[in-house]
Each structure stands twice: as structure tokens, then as C-alpha cells.
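Below is one structure, written out as C-alpha cells; comments come after it.
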Ligand SMILES: Cc1cc2nc3c(=O)[nH]c(=O)nc-3n(C[C@H](O)[C@H](O)[C@H](O)COP(=O)(O)OP(=O)(O)OC[C@H]3O[C@@H](n4cnc5c(N)ncnc54)[C@H](O)[C@@H]3O)c2cc1C
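In the working numbering, the protein residues as written are 34 to 358.
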């Protein structure tokens, strides 16, 4: 988000922009897992908007039906991907030059020779040269590639702290009749929400096969920060089964669904570890985030707040700071 936002502001100001991203797909932590039957946003779940520029984009996404409004039980109406964030992100990315699957291993400037260009090394690829650089990766990854001579920016990148998150993606396939039994106490196929014990957030979304009379539930389970931190080095497959078992047991205790119809073997179960999921401490305004002399700026949620919209604002701020040169 921070990278797309920076690109958006720079492009509006007639700068040539190249986005380099190590991810296979764009979006970073606003991430969608591709699957033919199920749809999973296994990173960020929902967002709100206050910033007028970001809100304009979101309203465009809502008009294109890429974004939908979801009634969060505590927060009220929030925005979610419809059915996932993928198409919204694809639209945001479309105006820009972007290379995916490109891990930046180093950025270098030969200061002593008075070189003005940055040389950006990419794993298994030719380096790229640029007059200006905005780094929008999480703080630890930023720190790892910032050169030694940028002492203050390196210090800034040490200020942020993160909580990890273990995310589980579970897909269930049911006959339409079983889906109706499972759902017996409810009038419609509403999302199945859960926040209890080791699970800090879980949502199950329904979809229905048009021809084969089958219903699909795509379930995201986010383990609590405490559980995630304690178990992050454990076997992910084991954790997936454990958290899936916990999900089922809470659902049956709460008598929310008639889980007797759930199949023994679910159709899809995968775990994902977000080591830097939610920023728990941001680098505050007193910490330097732009070096004008060397034409480099930092952006990301770790500089402005642990939210999608904050990441957007930080990207724009970084671009504006370099444009001011
Ligand atoms: C499980 C989870 C749940 C969340 N829930 C919510 C929520 O409900 N609402 C909300 O507002 N926010 C939520 N967040 C936080 C939200 O996702 C982030 O605040 C936001 O997406 C951060 O955007 P960003 O651009 O700063 O960073 P990122 O999305 O992390 O983007 C960083 C980019 O840098 C790339 N990168 C990293 N290292 C390199 C490298 N060496 N070379 C090239 N590219 C590199 C990555 O591929 C990535 O694309 C959640 C996050 C997680 C993980």
C-alpha cells in the first residue's frame, strides 16, 4: 500500500516510477491466496477511511464492486474485499510499472565518487538504477538493506516493533443440504465470525457453486498475538490442525452452527506465518524518514500506524518529501 501510494503521488507529478516487489502478487500484507474453489484474504481483513484521497480510491473500488461494506459487530460499517482484495489491488497497480518476484538485496551509492544514482541489486536479475528511492518494506527489512552511511535512517528503522500472526486458511466443501443443516439457526448465509481464546479473529465466508449444488466456506483464522509469538517456530502443519480444531470446538460450544455435518477431512488447510504482521510500536515523527541529500525516503505502516490507510498516507508523505527537493 505504501509503495502504491508513493507511486501514485509521483506519477501524478510526472515522475517515472518503477515498483520492485519481492511478492509473487502485489499487495504485501493485503494479500489474497489464489484458489479455484475458495477465496482467502489471509492478511489484512478490513479497513476504514478518513483520508480524502484514499477514500476516493475506495469509493471507486466500491463502485466497481471490488470493495464491499461489511457490518463489523464492534466497529460498525467497514470496507472489505469483494469477495477478496485481489481485484481492488490489481486495479490500484494497473497504472504502474511493477516487477514482482524481485527481491531487493542491496541498495548502493558510491558516495565517495560523487555518484548521484542509486544502484538497486535484485536477486537473480540485473540491477536497476534510479535518481530517487523510496523504501516501503517493513522496518527490519528496510534496516537490512539501508547502507551504513545513512545512519539516521538506519536508526529510525530500528524504532518500530511488530507482533507476528499465525494465519490459517481453511476451505470446506458441503452439499447444499448440509450447508442448510449447518446453518440451521440462521436466516441467511451470513459470515461466520469468531474471536475467542487463541483466536483473535476468524471469518468464514460462503460461496455457492452455480451448477453443482455445492456450498463452499472459506475460513480465515488469525491466532492471537500471544499465541503467535509463543508458537511461531513450531511446525505450521501441526499448528494449522490445532487451530482448526480449536475453531471447531469454539463454534460447537457456542452452539452457533451444527458442526456435525462438517466433513472429517476439510478440502483445504494451509498455514501462513506473518512475522511482521501488526506494528505494535511506530517510529514517531521525531525520527528522520527522508534524506534529501541522498534522495531517499522511507514509508510504510511502521512510520504512521498499523493500518492500511496509514500505510497509504505514509507512502504519499514520502513521495511529497522527495518532490520538495
Ligand atoms: C494478519 C494481518 C491482519 C491485518 N489486519 C488488518 C486490518 O484488519 N486492517 C488494517 O487496516 N490493517 C491490517 N493489517 C495491517 C495492514 O496489512 C498493514 O498495515 C498494511 O498492509 C501495510 O502496508 P505497507 O505497504 O506498509 O507494508 P506491506 O504490505 O508489508 O508491503 C511491503 C512490501 O515490501 C515488499 N518487500 C519486502 N522486502 C522486500 C525486498 N527485500 N525486496 C522487494 N520487496 C520487498 C513486500 O513484498 C511487500 O509487498 C493486518 C496485517 C496482517 C499481517
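No residue lacks a Cβ here, since even glycine has one placed at the ideal position from N, Cα and C.
- Around the beta-carbon of residue 34, 16 or more other beta-carbon atoms lie within 10 Å, marking it buried.
- DSSP places residue 274 inside the alpha helix (DSSP H), whose first and last residues are 269-286.
- Under the three-state reduction of DSSP output, residue 87 falls in the helix class.
- With at least 16 other beta carbons inside 10 angstroms of its own, residue 316 counts as buried.
- Fewer than three beta-carbon pairs drawn from the region 161-169 and the region 229-237 are found closer than 8 Å, and the two stretches are therefore not classed as touching.
- For residue 349, the secondary structure class from DSSP, reduced to helix, strand or coil, is helix.
- Taking non-hydrogen atoms of ligand 1 into account, the C-beta of residue 82 is found less than 7 Å away from none of them.
- If you keep only unbroken beta strand (DSSP E) runs of at least 3 residues inside the region 190-253, you get 194-208, 225-229, 232-241.
- Three or more pairs of CB atoms, one per stretch, sit closer than 8 Å, so the region 75-83 contacts the region 332-344.
- Shortest gap from the CB of residue 198 to any heavy atom of ligand 1: under 7 Å.
- For residue 99, the closest C-alpha among the options 90, 211, 229 is that of 90.
- With 16 or more other Cβ atoms inside 10 Å of its own Cβ, residue 79 counts as buried.
- Note that the C-beta distance between residue 209 and residue 233 is not below 8 Å.
- In the structure shown, the three-state DSSP call for residue 260 is helix.
- Annotation for residue 130: the continuous beta strand (DSSP E) segment containing it runs 130-132.
- With at least 16 other beta carbons inside 10 angstroms of its own, residue 279 counts as buried.
- If you look at residue 173, you'll find it isn't in any beta strand (DSSP E); it sits in the alpha helix (DSSP H) that goes 172-178.
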